[in-house]
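A.B. asks: Provided herewith is a single structure, encoded as structure tokens, for subsequent inquiry.
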């Protein structure tokens with residue numbers, strides 16, 4: 004059994020009826036995205052928010068975490084990294100389901116960059132579908148076995164800055180096309196004058212999607 008991930012959370016006053024899990028990007032930590040929960044918590048009063056630190060530390064600092072190493076961006080290395088990190092994410096989700104008495108369809112995921120890569124690659128391989136994925140500035144890594152390992156389908160929305168200097172926005176378009184070919188309900192928005200980040204319009208895009216999907 005691997006160590007369960009840890010990181011900041013924001014809990015409602017009552018028993019939660021659903022959860023939102025934030026998956027941060029390379030070199031960040033759980034505090035990076037939990038600030039979004041501060042903006043949303045008053046509208047999602049029965050939601051518990053989690054923002055775990057990725058399982059591995061980056062070499063340059065104690066507060067910098069990674070889902071997998073990015074010193075090499077070769078497809079083989081990225082695939083290896085994603086598969087190494089997958090059990091940590093899956094066990095974390097399983098633990099939340101157990102501890103809080105939720106089912107998978109009550110859990111929504113919000114990813115940024117490397118966190119989006121984790122969500123897109125792994126969550127559709129779980130037997131029980133989640134509520135959905137809001138993915139910012141990411142991409143779908145596809146290996147030869149990807150299609151055959153898809154076990155669950157759920158709504159996905161993707162958001163990407165047209166001026167992203169880290170991950171080209173074309174990756175979001177190709178990711179959406181792939182999921183559409185697999186009959187997922189997927190939409191995306193490419194935002195002008197935005198780099199590798201999330202702007203206020205992107206936050207509202209995600210908020211509206213989650214509110215509708217979770218019927219809050």
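Residue numbers (the working numbering): 4 to 219.
For each residue, glycine too, the CB sits at the ideal point set by N, CA and C.
1) Just how far apart, CA to CA, sit residue 95 and residue 8?
2) Using 8 Å as the cut-off, can you tell me whether the region 119-134 makes contact with the region 78-92, which would need three or more C-beta pairs spanning the two stretches below that distance?
3) Report the start-end ranges of each alpha helix (DSSP H) in the region 9-84 that is 4 residues or longer and not cut off at the edges.
4) Should residue 169 go down as buried or exposed, given a rule of 16 or more other Cβ atoms within 10 Å for buried?
5) Can you give, in chain order, each stretch of the alpha helix (DSSP H) that sits fully within the region 117-165 and has at least 4 residues?
6) Just curious, the beta strand (DSSP E) that residue 114 is in, first and last residue?
7) Using DSSP with H/G/I as helix, E/B as strand and the rest coil, what is residue 204?
8) Which of helix, strand or coil does DSSP assign to residue 103?
9) Under DSSP, the alpha helix (DSSP H) around residue 180 begins and ends at which residues?
C.D. replies: So, to answer that:
1) 6 Å
2) yes
3) 34-43
4) exposed
5) 117-125 and 149-152
6) 110-115
7) helix
8) helix
9) 173-184
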